[in-house]
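*Asks:* Per the numbering used here, the very first residue in the sequence shown carries number 1; after that it's consecutive. We put the beta carbon where it would ideally sit given N, CA and C, even for glycine.
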Amino acid sequence: MAGNSFGTIFRLTTFGESHGAGVGGIVDGCPAGLKLDFEAIQRELDRRRPGQSALTTPRDESDRVEFLSGIFEGVTTGSPIAFLIANKDHRSKDYDDLKNVFRPSHADFTWQSKYGHRDHRGSGRASARETVSRVAAGAIAKQLLQTLAISVHAIVSSVAEASIAVPITSFDLSQPENELRCPHPETAEQMRSLIEEARSQGDTLGGIITCIVKGAPVGLGEPVFDKLHAELGKAMLSINAVKGFEIGSGFAAAGMRGSKHNDEFAVSEGKTITKTNHSGGIQGGISNGMDIEMRIAFKPVSSIATAQNTVDISGDATTISIQGRHDPCVLPRAVPIVEAMAALVIADHYLRQRTSEL
1 MAGNSFGTIF RLTTFGESHG AGVGGIVDGC PAGLKLDFEA IQRELDRRRP
51 GQSALTTPRD ESDRVEFLSG IFEGVTTGSP IAFLIANKDH RSKDYDDLKN
101 VFRPSHADFT WQSKYGHRDH RGSGRASARE TVSRVAAGAI AKQLLQTLAI
151 SVHAIVSSVA EASIAVPITS FDLSQPENEL RCPHPETAEQ MRSLIEEARS
201 QGDTLGGIIT CIVKGAPVGL GEPVFDKLHA ELGKAMLSIN AVKGFEIGSG
251 FAAAGMRGSK HNDEFAVSEG KTITKTNHSG GIQGGISNGM DIEMRIAFKP
301 VSSIATAQNT VDISGDATTI SIQGRHDPCV LPRAVPIVEA MAALVIADHY
351 LRQRTSEL
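#1: If Pro80 sits next to Val27, beta carbons under 8 Å apart, how far is it from one beta carbon to the other, in whole angstroms?
#2: Taking the alpha carbon of Ala165 as the point to measure from, which residue in Pro176, Glu179, His184 has its own alpha carbon closest?
#3: With DSSP run on the structure shown, which of helix, strand or coil describes Phe83?
#4: Measuring straight from C-alpha to C-alpha, what distance separates Ala128 and Thr77?
#5: Can you tell me whether His117 is buried or exposed, with buried defined as 16 or more other CB within 10 angstroms of its CB?
#6: Can the beta-carbon of Cys211 be found less than 8 Å from the beta-carbon of Ile296?
#7: In the DSSP output, which residue or residues are listed as bridge partners for Asp312?
#8: Would you check if the region 1-15 and the region 328-345 touch, i.e. whether three or more CB-CB distances between them fall below 8 Å?
#9: For a quick check, are the C-beta atoms of Gly29 and Leu351 less than 8 Å apart?
#10: Quick check: Ser18 and Gly138, are their CB atoms within less than 8 Å of each other?
#11: Output needed for Thr276: all residues of its chain with C-beta closer than 7 Å, excluding positions within five of it in sequence on either side, in chain order.
#12: DSSP beta-bridge partners for Phe38?
#13: Is the region 298-310 touching the region 319-335, taking contact as three or more C-beta pairs under 8 Å?
#14: Quick one: measure Cβ to Cβ for Gly202 and Thr306, integer angstroms, because I've assumed they're closer than 8 Å.
#15: Enumerated in chain order, which unbroken segments of the alpha helix (DSSP H) with a length of 4 residues or greater are wholly contained in the region 206-260?
#16: For Ser170, which of helix, strand or coil comes out of DSSP?
#17: CB-CB under 7 Å to Ala126, same chain, minus the five flanking residues each way: which ones, in chain order?
#18: Measure the alpha-carbon distance for Phe38 versus Gly24 and round it to whole angstroms.
#19: Nearest CA to the CA of His261: which residue from His326, Phe102, Glu246, Gly250?
#20: Determine the closest residue to Cys329 out of Ser113, Gly3, Met191, with distance taken between C-alpha atoms.
#21: Mind checking which residues open and close the beta strand (DSSP E) that includes Glu66?
#22: Mind checking whether Ile209 and Val132 have CB atoms under 8 Å apart?
#23: What does DSSP give as the partner residues of Gln143 in its beta bridges?
#24: Could you work out which residue in Glu44, Leu145, Val156, Leu194 is closest to Leu331 when comparing CA atoms only?
#25: Under the rule that 16 or more other beta-carbon atoms within 10 Å means buried, what is Lys142, buried or exposed?
#26: Tell me, please, which residues DSSP counts as bridged to Gly24.
#27: Return the bridge partner residues of Gln283 from the DSSP annotation.
#28: Would the region 273-289 count as touching the region 240-250 if we require 3 or more Cβ pairs under 8 Å?
#29: Ser287: buried (16+ other C-beta within 10 angstroms of its C-beta) or exposed?
#30: My output table needs one value for Ala2: the three-state DSSP class, helix, strand or coil.
#31: Taking the alpha-carbon of Asp46 as reference, which of Ala160, Asn240, Ile337 has the nearest alpha-carbon?
#32: Would you mind stating whether Ser151 and Lys214 have Cβ atoms separated by less than 8 Å?
#33: Tell me which residues share the same chain as Ala266 and place their Cβ nearer than 8 Å to its Cβ, disregarding the 5 neighbours each side in the sequence.
#34: Could you compute how far the alpha carbon of Glu66 sits from the alpha carbon of Phe83?
#35: Quickly, what does DSSP pair Glu293 with across the bridge? List them, please.
#36: Under the three-state reduction of DSSP, which class applies to His349: helix, strand or coil?
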């Protein structure tokens with residue numbers, strides 16, 4: 001099976017399944033000499049882990065990471081960094097009834113059709129459980145970026161019809177998060193009510209995460225096919241349940257005139273900047289030194305408790321009502337995943353830029 005690695009120089013390969021012994025990854029290309037804060041890495045994993053609040057799946061995983069190589073005395077050695085995160089609270093019996101039935105809008109049918117065989121226990125590699133490895137690797141990438149004064153932050157900006165009406169730049173993202181990971185208290189309470197209502201009805205909700213990268217230097221991105229926004233788009237669209245990606249003014253740009261959309265250059269404190277940021281911090285596929293702003297749309301989780309029509313593995317019509325432990329809305333737990341993928345892209349392109357000129 002291909003497609004398990006991401007990145008060019010700072011490269012992550014993940015392994016493991018939702019109901020196997022564990023999940024993990026190998027980070028190759030991380031420079032030697034980076035002193036790691038292991039507590040900070042664990043905090044990132046805790047932000048993603050299941051069972052962290054009443055609004056998430058009750059699956060109870062501690063998600064404690066064990067590093068196996070590439071680190072000595074707390075400092076990266078330049079060799080591959082291997083890590084493992086054990087699965088301890090998987091209940092495979094919850095999926096017994098799904099062995100020969102395809103869940104609507106899930107990966108069951110496509111994986112069975114592609115490979116002729118699938119792990120029906122929590123979807124195997126198609127499970128969002130795989131993303132814990134991305135968060136661990138992204139936490140390392142974040143610490144590399146911190147040495148360069150580059151930061152990555154994401155927020156839940158909408159859940160269903162509850163949406164923040166002000167830009168992400170309006171908030172102090174250094175403040176502690178609430179469990180919704182929405183920095184606007186009134187909107188967060190609306191989101192909470194909607195999620196609780198959907199869960200009580202056996203349903204799920206989607207929404208949007210907004211992510212911002214601050215401090216990225218001018219020059220990141222590799223035209224033609226490795227444009228920075230193309231790499232970020234691929235990173236985000238590789239996350240489970242993501243169905244849309246836009247950067248800067250995104251789809252709204254299609255309704256603008258060039259005279260309104262074009263970002264005007266100006267000089268501030270001796271640096272060339274743009275007065276507006278419709279481009280989202282990237283022009284011609286290369287970072288321009290402004291904040292990189294993007295929005296990522298997540299569909300509602302496809303595993304719902306209400307009855308649905310489907311077919312079984314023989315092609316016969318049947319109905320299904322999915323039991324087990326599932327998130328009514330993945331947005332709060334997806335915030336650290338979005339941040340991780342953004343950090344992996346920026347770290348990789350920073351190292352690639354170091355090879356671009358003498």
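*Replies:* A quick look at the data gives this:
#1: Indexing the sequence shown from 1 puts residue 80 at position 80. Indexing the sequence shown from 1 puts residue 27 at position 27. Contact check for Pro80 and Val27: beta-carbon distance about 7 Å, within the 8 Å limit, so the pair qualifies.
#2: Here residue 165 refers to the residue found at position 165 when the sequence shown is read from its first residue. Checked all of Pro176, Glu179, His184; the closest Cα to Ala165 is His184.
#3: As a first step, residue 83 must be located in the sequence shown, where it is residue number 83. Of the three classes helix, strand and coil, the one that applies to Phe83 here is strand, per DSSP.
#4: Indexing the sequence shown from 1 puts residue 128 at position 128. Indexing the sequence shown from 1 puts residue 77 at position 77. Their Cα atoms are separated by approximately 30 Å.
#5: For the purposes of this step, residue 117 is taken as the residue at position 117 of the sequence shown. Residue environment analysis places His117 among the exposed positions, since fewer than 16 neighbouring C-beta atoms fall within 10 angstroms of its C-beta.
#6: For the purposes of this step, residue 211 is taken as residue 211 along the sequence shown, with counting starting at 1. For the purposes of this step, residue 296 is taken as residue 296 along the sequence shown, with counting starting at 1. If you check the CB distance, Cys211 and Ile296 come in under 8 Å.
#7: Residue mapping note: residue 312 aligns to position 312 of the sequence shown, counting from 1. Asp312 is bridged to Val101.
#8: Contact holds: three or more Cβ-Cβ distances are below 8 Å.
#9: For the purposes of this step, residue 29 is identified with residue 29 of the sequence shown, where counting begins at 1. For the purposes of this step, residue 351 is identified with residue 351 of the sequence shown, where counting begins at 1. Contact: yes.
#10: The sequence position of residue 18 within the sequence shown is 18, counting from 1. The sequence position of residue 138 within the sequence shown is 138, counting from 1. In this structure, Gly138 does not lie closer than 8 Å to Ser18 by Cβ.
#11: Sequence index remark: in the sequence shown, residue 276 carries index 276 (1-based). Residues Asp263, Glu264 of the same chain have their beta carbon placed closer than 7 Å to that of Thr276, with the five preceding and five following residues left out of the count.
#12: On the sequence shown, position 38 is the one that residue 38 refers to. DSSP lists no partner for Phe38.
#13: Inter-segment contact for the region 298-310 and the region 319-335 is present: three or more beta-carbon pairs are separated by less than 8 Å.
#14: By one-based count along the sequence shown, residue 202 stands at place 202. By one-based count along the sequence shown, residue 306 stands at place 306. About 4 Å; that satisfies the 8 Å criterion.
#15: Listed in chain order, the alpha helix (DSSP H) elements of length 4 or more contained wholly in the region 206-260 are 228-237.
#16: For this step, residue 170 is matched to residue 170 along the sequence shown. For Ser170, the three-state secondary structure derived from DSSP is helix.
#17: As a working mapping, residue 126 is identified with position 126 in the sequence shown. Within the same chain, Ala126 has close Cβ partners Ala107, Trp111.
#18: Against the sequence shown, residue 38 aligns to sequence position 38. Against the sequence shown, residue 24 aligns to sequence position 24. Phe38 and Gly24 have their C-alpha atoms spaced approximately 16 Å apart.
#19: Within the sequence shown, residue 261 is the residue found at index 261, counting from 1. His261 has its Cα closest to that of Gly250, out of His326, Phe102, Glu246, Gly250.
#20: Sequence index remark: in the sequence shown, residue 329 carries index 329 (1-based). Cα-wise, what sits closest to Cys329 is Met191.
#21: The residue labelled residue 66 in the question sits at position 66 within the sequence shown. Note, Glu66: beta strand (DSSP E), 65-67.
#22: As a position in the sequence shown, residue 209 is number 209, starting the count at 1. As a position in the sequence shown, residue 132 is number 132, starting the count at 1. Against a cut-off of 8 Å, the Cβ pair of Val132 and Ile209 comes out as no contact.
#23: Locating residue 143 in the sequence shown gives position 143, counting from the first residue. Answer is none; Gln143 lacks a bridge partner.
#24: Taking the sequence shown and counting its residues from 1, one reaches residue 331 at position 331. Taking only the C-alpha atoms, the option nearest Leu331 is Val156.
#25: Locating residue 142 in the sequence shown gives position 142, counting from the first residue. Buried, because 16 or more other Cβ atoms sit within 10 Å of the Cβ of Lys142.
#26: Translated into positions along the sequence shown, residue 24 becomes position 24. Beta-bridge pairing by DSSP links Gly24 to Phe15, Leu84.
#27: For this step, residue 283 is matched to residue 283 along the sequence shown. Paired residue(s): Ile286.
#28: Counting Cβ pairs under 8 Å, three or more are found: they touch.
#29: Position 287 of the sequence shown holds residue 287. The residue in question, Ser287, is buried, as its Cβ has 16 or more Cβ neighbours within 10 Å.
#30: Along the sequence shown, one-based indexing puts residue 2 at 2. Coil, per DSSP.
#31: The sequence position of residue 46 within the sequence shown is 46, counting from 1. If you compare the alpha carbons of Ala160, Asn240, Ile337 with that of Asp46, the shortest gap goes to Ile337.
#32: Residue 151 sits at position 151 when you count from the first residue of the sequence shown. Residue 214 sits at position 214 when you count from the first residue of the sequence shown. Result yes, Cβ atoms of Ser151 and Lys214 sit closer than 8 Å.
#33: The sequence position of residue 266 within the sequence shown is 266, counting from 1. Answer for Ala266: Thr272, Ile273, Thr274, Lys275, listed in chain order.
#34: Numbered from 1 along the sequence shown, position 66 holds the residue referred to as residue 66. Numbered from 1 along the sequence shown, position 83 holds the residue referred to as residue 83. Rounded to whole angstroms, the separation of the alpha carbons of Phe83 and Glu66 is 5 Å.
#35: As a position in the sequence shown, residue 293 is number 293, starting the count at 1. Ile212, per the DSSP bridge assignment.
#36: To locate residue 349, count along the sequence shown from 1; it is residue 349. Three-state result, His349: helix.
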